[in-house]
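Student: Just passing along the structure, written as structure tokens.
2 protein chains.
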Amino acid sequence: MDKKPLSGIRVLDLTQFLSGPFCTLTLADLGAEVIKVERPHMGDSTRTDIPTKDGTSAMYISCNRGKKSVVLDLKAPAHKELFLRLAAECDVVVENFKPGTMQRLGLSYETLREIRPDLIYLAISGYGQTGPYRSRGALDIAIQAMSGFMSITGEKDGKPIKSGASLADVVAGLYGVISVLSAVIWRGQTGKGQYIDVSMLDAMVGSVMQNAIGRYSLSGVVPHPQGNRHPASAPFQEFSTRDGSLVVCCPTNAQFKSLMEGLGHLEVYEDPMFHDTEERYANKNALSDVLSPIIAEWSTQEMAEMMEKRGLSFGEINTVDAVAKNVQLQARDMIIEVEEAHAGRFTTAGFPVKMECAPTQKLYRAPALGEDTESVLRDLLEMGQEQIDELYMAYRD
Amino acid sequence: MDKKPLSGIRVLDLTQFLSGPFCTLTLADLGAEVIKVERPHMGDSTRTDIPTKDGTSAMYISCNRGKKSVVLDLKAPAHKELFLRLAAECDVVVENFKPGTMQRLGLSYETLREIRPDLIYLAISGYGQTGPYRSRGALDIAIQAMSGFMSITGEKDGKPIKSGASLADVVAGLYGVISVLSAVIWRGQTGKGQYIDVSMLDAMVGSVMQNAIGRYSLSGVVPHPQGNRHPASAPFQEFSTRDGSLVVCCPTNAQFKSLMEGLGHLEVYEDPMFHDTEERYANKNALSDVLSPIIAEWSTQEMAEMMEKRGLSFGEINTVDAVAKNVQLQARDMIIEVEEAHAGRFTTAGFPVKMECAPTQKLYRAPALGEDTESVLRDLLEMGQEQIDELYMAYRD
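Residue numbers (the numbering used here), protein chains in the order written: chain W, 95 to 491; chain X, 95 to 491.
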């Protein structure tokens, strides 16, 4: 197998739910060996999130493909000892417990660093390991609310709406990846590990919300939900077609002229109300009223072909079933398969970056709970079968 | 100055708008020297996006802090020659043109690789460099629509709503960072550069949308907007308080009991309609009707204190002005200052990861257009003042 950027990097993964597992999923895609530590019987809480098939959830499998699963009871002294021995063999530890949990377990960074001095330790949390909110419990929706994201998302003059996906979890996970890759580079230069503190709130504010905060700060104007309209350009919104809907965007005058030519209604472009960018934006509601019945006569496919030929910006508003079948995503090998012992094989989304050092893989395996316990203990800690059996006797189902 | 992970890495940055600039912003935060190439007179199109102050936009400054600005006219042969000489001195080239643009300019990866064999070349685009949609123009909202994100975001039974922030741009930018860091590690191992193809659509589908695609694929159920409710848990929604609003989440029975104790209405928990997780979810609308008048008597602050003391999950629904003043973000040094020659100094959001190798910086500078042209040409290409003057004579304002 070809060498990937993180080949040879071993990650001990204590995370569950989404932020941490999404981070270590990407580390696995980049070649790391990820050993996911799960508690006896239950494992990661998301294993039973609906929808499930034969007891295992789509969420668990999608987000934990390509990892190993090792069962440890971190509250039992003998298993805590196992954890410390495993940590000594790993380059990276990732956890997304509530701050203070690892200290209470006796597994703090300070303890782990003693047995593995160049350890890279990533802690992902809702609000971070410091500051007045550090002990607050956090779920994705709470962070979407706190970060201001909800206050700018929704219908114009409507109430705040959260993202339909767990955005703060995913963005924090991506910063987790960025921080581990950076720490691996830095360790190569200095020989030193480090403690990394990623918070979901910081991650949202420093990325998705950065522009809104800068704009507010410069102008003093507090932004509110704008629906699907653009703050300075029209048309820039969704339209219903004969058989679906799509968004249409014309940021420049030339693009609007081309759109109206394509629609066979150049007289709309020639109307002084809509003839330049500023007029169009000032009269955006009137423009929407004029365009809606025109576009309603076209099918989504016809609109897409016409706009594509003219190099205009648009997007079909796809439902998730259409995304899974989309020809572009198929052509890019983004819709891949994953297999798990209980749920069998189904499709999910792959690693998005196309690069030589991380080639596309079209079939992955996700681990059943504890699937790799014996092999990891045998291979990494050189333990015998008898010793392993004794350590897990109390946990047999 | 302390060494950062990308100290010594020089990035030639041809990007404008958001996806590319956000990527190179993060590379700069990690220590890279980012030389932003801007066209004469106009520069990056976002320099004039409203709101502006003395002609420079909040968006440009927030997203381009810590970079150098060099003016080049890539259509003029003498400047194209300058670009090639600069590329020879750089480790990374980043561009977010429509696919095919660099080829048309005579500056393709193949050309650049000849003069810099270990070059890391990152192309960010809407749909990617391959596949049937590769030549489609793409804006953030089009990708939010295409990726399925809009189809799962919005009021329950309402129409699809886009994120109020340019989500697809930011997520693609983060994958750009991940890919460049990976390529730097891989170059260290193999001596080889590479071509990297990141698309906004792939980035959204492989991260934010991954869970929805996996769930759909396993269950066959197409997801639609759910408002702010959770698909399996209640209460998990926003409530109005006496003076604002907040989201309240109780994924477990114990948390719901604690909430009702804190609110002084344990009888709601004892009601058989709401006594366990499944009943509560089945009767979630009735539960919302019961809780709304109770919570409406509390202030947001009182609710926050009560829930925090009990370790419950909640989040105030902050507007952007509240985010900029938030005590937790202040304590984490996430609200920082940026200074530009024309707009002066204002606040924006900083780099979210707290780690030793990328220490927090509280004041940054963003470049005026071409601010670093002379120093870069002098230092990197050893050009004299006369030569520089001649190359830029035609572009004096």
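Glycine included, C-beta positions come from ideal geometry on N, C-alpha and C.
What residues match up with isoleucine 214/X in a beta bridge as DSSP calls it?
Tutor: Position 120 of the second sequence, counted from the start, is the residue given in the question as residue 214/X. Paired residues: Val186/X and Gln288/X.
Student: Just to confirm my understanding: we take threonine 224/X, look at its own chain, exclude 5 residues before and 5 after, and list those with CB closer than 8 Å. What are they?
Tutor: Here residue 224/X is taken as the residue at index 130 of the second sequence, counted from 1. Around threonine 224/X: Asp291.
Student: Against chain W, does glycine 458/X count as a neighbour if the rule is that its beta carbon must be under 7 Å from one of theirs?
Tutor: In the second sequence, the residue the question calls residue 458/X occupies position 364. According to the sequence as given, residue 458/X is tyrosine; it is not glycine. Judged by the 7 Å Cβ criterion, tyrosine 458/X is not in contact with chain W.
Student: Does any C-beta atom of chain W lie closer than 7 Å to the C-beta of asparagine 412/X?
Tutor: Position 318 of the second sequence, counted from the first residue, corresponds to residue 412/X. It does; some Cβ of chain W falls within 7 Å.
Student: Closer than 6 Å by C-beta to aspartate 492/X: which residues in its own chain qualify, once you throw out the five before and the five after it? Chain order, please.
Tutor: This structure cannot settle anything about residue 492/X, because the visible part of chain X is limited to 95 through 491.
Student: Enumerate, from N- to C-terminal direction, the unbroken alpha helix (DSSP H) stretches of 4 or more residues contained entirely within the region 263 to 344 of chain X.
Tutor: Counting whole runs of 4 or more residues, the region 263 to 344 of chain X contains the alpha helix (DSSP H) stretches 294 to 300 and 304 to 313.
Student: What residues from chain X crowd round tyrosine 269/W, counting only those whose CB sits closer than 8 Å?
Tutor: As a working note, residue 269/W is residue 175 in the first sequence. Here the neighbours are Leu268, Pro446 and Val447.
Student: Could you give the residue range of the alpha helix (DSSP H) that holds valine 447/X?
Tutor: Translated into positions along the second sequence, residue 447/X becomes position 353. Where valine 447/X is concerned, there is no enclosing alpha helix (DSSP H), given that its DSSP letter is neither H nor E.
Student: Do the CB positions of tyrosine 154/X and aspartate 138/X come within less than 7 Å of each other?
Tutor: Here residue 154/X corresponds to residue number 60 of the second sequence, with the count starting at 1. Here residue 138/X corresponds to residue number 44 of the second sequence, with the count starting at 1. Cβ distance < 7 Å, so tyrosine 154/X and aspartate 138/X count as in contact.
Student: From aspartate 427/W to glycine 321/W, what distance separates their C-alpha atoms?
Tutor: As a working mapping, residue 427/W is identified with position 333 in the first sequence. As a working mapping, residue 321/W is identified with position 227 in the first sequence. The alpha-carbon atoms of aspartate 427/W and glycine 321/W are separated by roughly 32 Å.
Student: Candidates Leu106/W, Pro145/W and Asp96/W: which alpha carbon is nearest alanine 437/W's?
Tutor: As a working note, residue 437/W is residue 343 in the first sequence. When each option's Cα is compared against that of alanine 437/W, the closest is Pro145/W.
Student: CA-CA distance, glutamate 484/W and glutamate 175/W?
Tutor: As a position in the first sequence, residue 484/W is number 390, starting the count at 1. As a position in the first sequence, residue 175/W is number 81, starting the count at 1. Roughly 14 Å separates the two Cα atoms.
Student: Just mark alanine 488/X as buried or exposed, buried being the case when its beta carbon has 16 or more other beta carbons within 10 Å.
Tutor: Looking up residue 488/X in the second sequence gives position 394. Exposed, because fewer than 16 other Cβ atoms sit within 10 Å of the Cβ of alanine 488/X.
Student: Given methionine 400/W, which residues of its chain have a CB within under 6 Å of its CB, disregarding the five upstream and five downstream residues?
Tutor: If you number the first sequence from 1, residue 400/W lands on position 306. Around methionine 400/W: Gly356.
Student: Can you find a C-beta in chain W that's less than 7 Å from the C-beta of leucine 423/X?
Tutor: Against the second sequence, residue 423/X aligns to sequence position 329. Taking Cβ atoms only, chain W reaches closer than 7 Å to leucine 423/X, which makes this a yes.
Student: Taking Cβ-Cβ distances shorter than 7 Å, what residues in chain W pair up with tryptophan 280/X?
Tutor: On the second sequence, position 186 is the one that residue 280/X refers to. Chain W residues near tryptophan 280/X: Pro99 and Cys451.
Student: Along chain W, in chain order, which residues have C-beta atoms closer than 7 Å to that of valine 341/X?
Tutor: Within the second sequence, numbered from 1, the residue matching residue 341/X stands at position 247. Ordered by position in chain W, the residues that pass the 7 Å Cβ test against valine 341/X are Ile235, Ala236 and Ala239.
Student: For glutamine 110/X, which option in Arg104/X, Leu100/X and Ile129/X has the closest C-alpha, if you only look at C-alpha atoms?
Tutor: Here residue 110/X refers to the residue found at position 16 of the second sequence. If we check each option's Cα against that of glutamine 110/X, Ile129/X comes out closest.
Student: I need the straight-line Cα distance from isoleucine 209/W to leucine 178/W, nearest angstrom please.
Tutor: As a first step, residue 209/W is located in the first sequence; it is residue number 115 there, counting from the start. As a first step, residue 178/W is located in the first sequence; it is residue number 84 there, counting from the start. So the alpha carbons of these two residues sit roughly 8 Å apart.
Student: Under a three-way DSSP split, which group does phenylalanine 243/W fall into?
Tutor: Residue 243/W sits at position 149 when you count from the first residue of the first sequence. DSSP places phenylalanine 243/W in coil when its eight states are reduced to three.
Student: Does the beta-carbon distance from leucine 497/W to glutamate 132/W come in below 7 Å?
Tutor: With chain W represented from 95 up to 491, any question about residue 497/W goes unanswered, as that position is not in the structure.
Student: Can you tell me the Cα-Cα spacing of valine 164/X and alanine 462/X, whole angstroms?
Tutor: By one-based count along the second sequence, residue 164/X stands at place 70. By one-based count along the second sequence, residue 462/X stands at place 368. Distance between the alpha carbons of valine 164/X and alanine 462/X: 10 Å.
Student: Please list, in chain order, all residues of the same chain as valine 265/X whose beta carbon is under 8 Å from its beta carbon, the five residues on each side excluded.
Tutor: By one-based count along the second sequence, residue 265/X stands at place 171. Hits under 8 Å: Met294, Ala297, Met298, Ser301 and Val302.
Student: If you draw a straight line from the alpha carbon of alanine 170/W to that of leucine 201/W, how long is it in whole angstroms?
Tutor: Residue 170/W sits at position 76 when you count from the first residue of the first sequence. Residue 201/W sits at position 107 when you count from the first residue of the first sequence. Distance between the alpha carbons of alanine 170/W and leucine 201/W is about 13 Å.
Student: Phenylalanine 177/W by DSSP, collapsed to three states: which one?
Tutor: Within the first sequence, numbered from 1, the residue matching residue 177/W stands at position 83. Helix.
Student: Skipping 5 residues on each side, what residues in its chain have a beta carbon closer than 6 Å to that of glycine 242/W?
Tutor: The residue you call residue 242/W lines up with position 148 of the first sequence. Within the same chain, glycine 242/W has close Cβ partners Met303.
Student: List, from N- to C-terminal side, the alpha helix (DSSP H) runs of 4 residues or more that fit wholly inside the region 334 to 410 of chain W.
Tutor: Listed in chain order, they are 347 to 357, 360 to 364, 371 to 376, 378 to 389 and 394 to 403.
Student: When you compare each of Arg439/W, Leu471/W, Gly464/W and Pro193/W to leucine 457/W by their alpha carbons, which one comes out closest?
Tutor: Position 363 of the first sequence, counted from the start, is the residue given in the question as residue 457/W. Among Arg439/W, Leu471/W, Gly464/W and Pro193/W, the Cα nearest to that of leucine 457/W is on Arg439/W.
Student: Report back the beta-carbon spacing between isoleucine 307/W and valine 417/X to the nearest angstrom; my notes put them in contact at under 8 Å.
Tutor: In the first sequence, the residue the question calls residue 307/W occupies position 213. In the second sequence, the residue the question calls residue 417/X occupies position 323. With a Cβ gap of about 6 Å, isoleucine 307/W and valine 417/X count as contacting.
Student: Could you tell me whether the region 101 to 110 of chain X touches the region 251 to 260 of chain X, where touching means 3 or more Cβ pairs closer than 8 Å?
Tutor: No: the two stretches stay apart, fewer than three of their Cβ pairs being nearer than 8 Å.
Student: In this structure, how does DSSP classify phenylalanine 111/W when only helix, strand and coil are distinguished?
Tutor: What you label residue 111/W is simply residue 17 of the first sequence in a count that begins at 1. Phenylalanine 111/W falls in the coil class under three-state DSSP.
Student: Relative to chain W, which residues along the region 247 to 263 of chain X have a C-beta separation below 8 Å, given in chain order?
Tutor: The region 247 to 263 of chain X vs chain W, Cβ under 8 Å: Thr247, Gly248, Glu249, Gly252, Lys253, Pro254, Ile255, Lys256, Ser257, Gly258, Ala259, Ser260 and Leu261.
Student: For the beta strand (DSSP E) holding lysine 130/W, just list the boundary residues, first then last.
Tutor: In the first sequence, counting from the first residue as 1, residue 130/W sits at position 36. It spans 127 to 132 - the beta strand (DSSP E) in which lysine 130/W sits, taken as one unbroken run.
Student: For the region 316 to 331 of chain X, which residues have a CB atom closer than 9 Å to at least one CB atom of chain W, in sequence order?
Tutor: Answer set for the region 316 to 331 of chain X: Val316, Pro317, His318, Pro319, Gln320, Gly321, Asn322, His324, Pro325, Ala326, Phe330 and Gln331.
Student: For threonine 247/W, which residues of its own chain have a beta-carbon under 8 Å away from its beta-carbon, when the five flanking residues on both sides are left out?
Tutor: Numbered from 1 along the first sequence, position 153 holds the residue referred to as residue 247/W. Around threonine 247/W: Pro254, Ile255, Lys256, Ser257 and Pro319.
Student: Tell me which residues of the region 291 to 312 of chain X have at least one Cβ-Cβ distance to chain W shorter than 9 Å, keeping chain order.
Tutor: Listed in sequence order: Asp291, Val292, Ser293, Leu295, Asp296, Ala297, Met298, Val299, Gly300, Ser301, Val302, Met303, Gln304, Asn305, Ala306, Ile307, Gly308, Arg309, Tyr310, Ser311 and Leu312.
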